[in-house]
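What follows is a set of notes on a single structure, which appears directly below.
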């Protein structure tokens, strides 16, 4: 493969991998399940034990508590909120939510379903998607009722609003081919707070609600092993608190909701080697895969373990979308306006981790940024093609073809929107490195436990594992690769977290 | 995506899927493990129970028996041999095998390792690859000693020999970029028999050897559930014989060796949706994933479940390699001489399942074949580009660029060998459909249980599951996607099957 001439001595990835390794070493590893017969006495008991305090776990806890169950929620870190609190706090919602209606945004459940079901590439969980879309307006009402503040403001700008707007295009709806598969609508619902604080605000509201309802919230408690009855039912969990091992009985069930595994480098390399290559593990430090591994240890199936959100955040600013993105053969392979997750997926999974953004005078980054470094610069495309060692004449041909059609407002190959379409002309031309290892290329995981619509964990034969529930990135949920819109992950966490909470609470107790 | 104008009313895939569904319905499904306490008495007992009679299982049985264990091998079908017997019977071997030496083929363990480790794309199991390469000459000697006949003849032609030659280039060694990563050598070792009978001949020899050694071979016995002790050790298997359920004790251990899951359509869709799209499930009808699922049910980790061998067998004849392969954007994306598994992988996983072979008068198929149907034909590239609806001018540009360099003996983009490189010129031009759904596009699965070098099955936490071994396509072994050479799968089956057999036999018995 062609490789840019500028090789940083230490790649961004290797720097960050070093950090992650340090973090991992401080986190206790889980282990296989413990037979119930090995637990002499329970140190504590509750109806429902939720593991993890991100949006999936807290929503499960709220619903289980509201259904009348006694609920304990444990968090391994000293602070609650999980990776959700670090996120933008976007929930992908539509089909006519109260906010869409208030802002006169036309949408339907069918168009939302078409987008989520069709705009990706993998085999998406259609049953989960259908339910998610049908109940999306009601789910948004529920989020509002928990105290999450949304403003009646929208923006048409691409990218997470840094102002207090609460509705925006969070995905690839307007880019080709998605816009031909479903009618685009603004569906990114984000707390109406300035800056990148949506996730924190969302979690503050949910945690406050859980606390008010009487969920027992315990920080700095890590889950080590599930306890399993001889008949296969999950009876409780062995946890560590301040170095001490305790057995907690969960009479109605356990909800695994402790996130993905982007920070477990060994597990990542084994299951999701493409994400391992990405420079920035994106998630809180305890995204170590413990919940997924505890599930696998009791016979759960795990799906889509190689998939994730590989992020190439080239916009904002939107002016760069008038540049072109090319692979190592100097060919375009995607509409540049595609959502970060769609572009990131194409580079990570389908272009061997390498791509370049080629810009002219007007389309370059016009402020200091170090997410994507310029690796070639010159007075002509010939010059940068030679600098980067593209196949002879290939980049020139790509630019000529693109320009020849752009001047007429056409992009026959990838149908870029007219907003961003114009010929590349005017030195300096630059090439910006979009490689997964050297660019700012965050990633997190989507693989997880196989669950039904109620969050019940399923075995390899499709059987329910009694007493075991999961939600969020502990599960293989709605987010698949390519990730087509911000808000599908936190949306999935909150929606299916709630369902898991209702389901686990509805079960009769009855252990010992 | 661009779609050819000729849509067959029923795709090849939908036809074959119908057949597969019928087959699946006749196969009993397995289920979760049974606690040892639920087995009152064992109906039968053996030291080692091997499940599956393909090359992995039979090699395990031979080695376990030679190590002094009492061995029973069960096969769910009425005939022995598994998918290995249906295969070409190629074993990828090198580093200086007796046959390579006899035929004066220069090779080294290091070059073989470089090829297998580097020419693919995924995260390959380097520990397994290193051992496999180091011991490859000795492993080939062992195969000869089992009575498999190899001729002292080689061929330089591409593709499985239909004559009695026993050594050939079975992979992508000579195609770019592989040839720059490792020095190419002939490493496909195939029984010296005419026609596509290598697999049958290989299995006849191995089965005969197992029988002679006193392995108890039982056909028409299907494995339903593992039996697990309260301490997690695998104690035996519940099987079905003529409608009757029997419990078989395996005092030293169980070896799961009953193949992949290409014929379990539901499982395939769940785990490997890209392979589900391929038109021809390739493997024997009992490749239902039962062994993999039984392993998962007792807490085993499963790796690379989405990967497989997606096969685009465009050659022979080699003259077609002077054509070019293009994607839906009319762009080339690979050297056309790449091995079937490399081309198939690129189309299946990275080009959304669509591609076309573009030929001129000399490079078209010059005999009747229906593997790849002509979907456009005309007096110029313009005509076929218009017929197929490629982006305006894109295919023309690709051909112009290719021709312009080919005339000078260059292929700057994909470095096709000079043997196949010449400009496309001379009507009729044709486009042949290489799509996964409508072309002859066989596939089988590579995902399976996580095992160590001795075939011991590992949990999600990396712990050994006592008494449980696996080999062949029940495991995540050396074959990964893209599949870079024929013979790596049967090679992995035979080599690690043997290791599993030695390991399981070496354990002390000790279950009451």
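Protein chains in written order, with our numbering: chain A, 1 to 512; chain B, 513 to 1024.
C-beta: ideal position from N, C-alpha, C; glycine also.
For clarity, every value in this text was computed on a predicted model and none was experimentally measured.
Chain B within 8 Å of residue i, Cβ atoms only
i, result
"residue 463 of chain A", "yes"
"residue 71 of chain A", "no"
"residue 385 of chain A", "no"
"residue 567 of chain A", "There is no way to answer for residue 567 of chain A, as the model of chain A reaches only from 1 to 512."
"residue 26 of chain A", "Since pLDDT at residue 26 of chain A reaches only 30, below the 50 mark, its modelled position is unreliable, and no value is offered."
"residue 12 of chain A", "Low confidence applies to residue 12 of chain A: its pLDDT is 49, below 50, so where it sits in the model is not reliable, and the reading given next is rough at best. It does not: the Cβ of residue 12 of chain A has no partner Cβ on chain B nearer than 8 Å."
"residue 366 of chain A", "no"
"residue 397 of chain A", "yes"
Counted within 10 angstroms of its Cβ, other Cβ atoms place residue i as buried (16 or more) or exposed
i, result
"residue 627 of chain B", "buried"
"residue 451 of chain A", "buried"
"residue 156 of chain A", "exposed"
"residue 234 of chain A", "buried"
"residue 244 of chain A", "exposed"
"residue 726 of chain B", "exposed"
"residue 776 of chain B", "buried"
"residue 413 of chain A", "buried"
"residue 208 of chain A", "exposed"
"residue 1076 of chain B", "The structure shown does not extend to residue 1076 of chain B, since chain B is modelled only from 513 to 1024, so the question has no answer here."
"residue 316 of chain A", "exposed"
"residue 74 of chain A", "buried"
Per-residue DSSP class, three states only, for residue i
i, result
"residue 247 of chain A", "strand"
"residue 374 of chain A", "strand"
"residue 453 of chain B", "This structure gives no information on residue 453 of chain B, because the portion of chain B shown stretches from 513 to 1024."
"residue 350 of chain A", "helix"
"residue 176 of chain A", "coil"
"residue 704 of chain B", "coil"
"residue 516 of chain A", "Nothing can be reported for residue 516 of chain A, as the shown portion of chain A is limited to 1 through 512."
"residue 309 of chain A", "strand"
"residue 470 of chain A", "strand"
"residue 812 of chain B", "strand"
"residue 723 of chain B", "helix"
"residue 547 of chain B", "strand"
"residue 503 of chain A", "helix"
"residue 22 of chain A", "With a pLDDT of only 35 at residue 22 of chain A, under the threshold of 50, the placement of this residue in the model should not be trusted; the figure read from the coordinates follows. It is helical."
Short CB-CB distance (under 8 Å) between residue i and chain A
i, result
"residue 954 of chain B", "no"
"residue 833 of chain B", "no"
"residue 1008 of chain B", "no"
"residue 635 of chain B", "yes"
"residue 746 of chain B", "no"
"residue 733 of chain B", "no"
"residue 783 of chain B", "yes"
"residue 843 of chain B", "yes"
"residue 776 of chain B", "no"
Residue nearest to residue i in terms of C-alpha spacing, selected from the options
i, options, result
"residue 358 of chain A", "A:322, A:342 and A:347", "A:322"
"residue 286 of chain A", "A:182, A:51, A:42 and A:33", "A:51"
"residue 367 of chain A", "A:320, A:412, A:411 and A:348", "A:320"
"residue 840 of chain B", "A:107, A:325, A:59 and A:334", "A:334"
"residue 461 of chain A", "A:166, A:302, A:79 and A:440", "A:302"
"residue 289 of chain A", "A:246, A:92 and A:270", "A:270"
"residue 995 of chain B", "B:958, B:979 and B:580", "B:958"
"residue 466 of chain A", "A:344, A:362, A:493 and A:254", "A:254"
"residue 905 of chain B", "B:916, B:914 and B:893", "B:893"
"residue 44 of chain A", "A:239, A:419, A:326 and A:375", "A:239"
"residue 127 of chain A", "A:305, A:203 and A:453", "A:453"
"residue 192 of chain A", "A:163, A:218, A:219 and A:175", "A:163"
"residue 102 of chain A", "A:169, A:252, A:150 and A:345", "A:150"
Bridge-paired residues (DSSP) for residue i
i, result
"residue 585 of chain B", "B:562 and B:729"
"residue 107 of chain A", "None, per the DSSP bridge assignment."
"residue 271 of chain A", "Residue 271 of chain A pairs with nothing; no bridge assigned."
"residue 281 of chain A", "A:443"
"residue 433 of chain A", "A:356"
"residue 557 of chain B", "B:761"
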